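Only one structure is covered here, and it is reproduced in the block below.
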Ligand SMILES: [Zn+2]
Ligand SMILES: [Zn+2]
């Protein structure tokens, strides 16, 4: 079991593995770091936004999605969860809030 503690270590590891396409690289990253909490949902299923693998099934009630950031959801919960994610979840994962630019004024009134 390899332990990757920093982004630099991950990059060095990927470099050592040589050339690979984006999809393969993302699979490798997930196998090294675990799946991202940045996820896509479809019909109650949750998919890792980095490698597209199914990571949860909310229909069976067995998946705790309380820490998940849903792509395109852009709700206060997802925003708060995103703030809690470390680089392991964010690296190579798509930006979940692409539709809106981040504003400095969270409490605009
Ligand atoms: Zn994944
Ligand atoms: Zn949300």
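In our numbering, the protein residues as written are 36 to 144. Yeah, the Cβ is synthetic: ideal placement off N, Cα and C, and Gly gets one too. A quick note: this is a predicted structure, and the numbers were derived from the prediction, not measured.
| Check | Outcome |
| --- | --- |
| State the DSSP-derived secondary structure class of residue 113, mapped to helix, strand or coil. | helix |
| Pick from 51, 77, 57, 45: whose alpha carbon is nearest that of residue 67? | 45 |
| Do you know how far the Cα of residue 93 is from the Cα of residue 81? | 7 Å |
| For the beta strand (DSSP E) containing residue 76, name the first residue and the last one. | 73-77 |
| Cβ of residue 84 within 7 Å of Cβ of residue 97? | no |
| Ends of the alpha helix (DSSP H) at residue 64? | 57-68 |
| Label residue 119 either buried or exposed according to how many other C-beta atoms from any shown protein chain fall within 10 Å of its C-beta, with 16 as the threshold for buried. | exposed |
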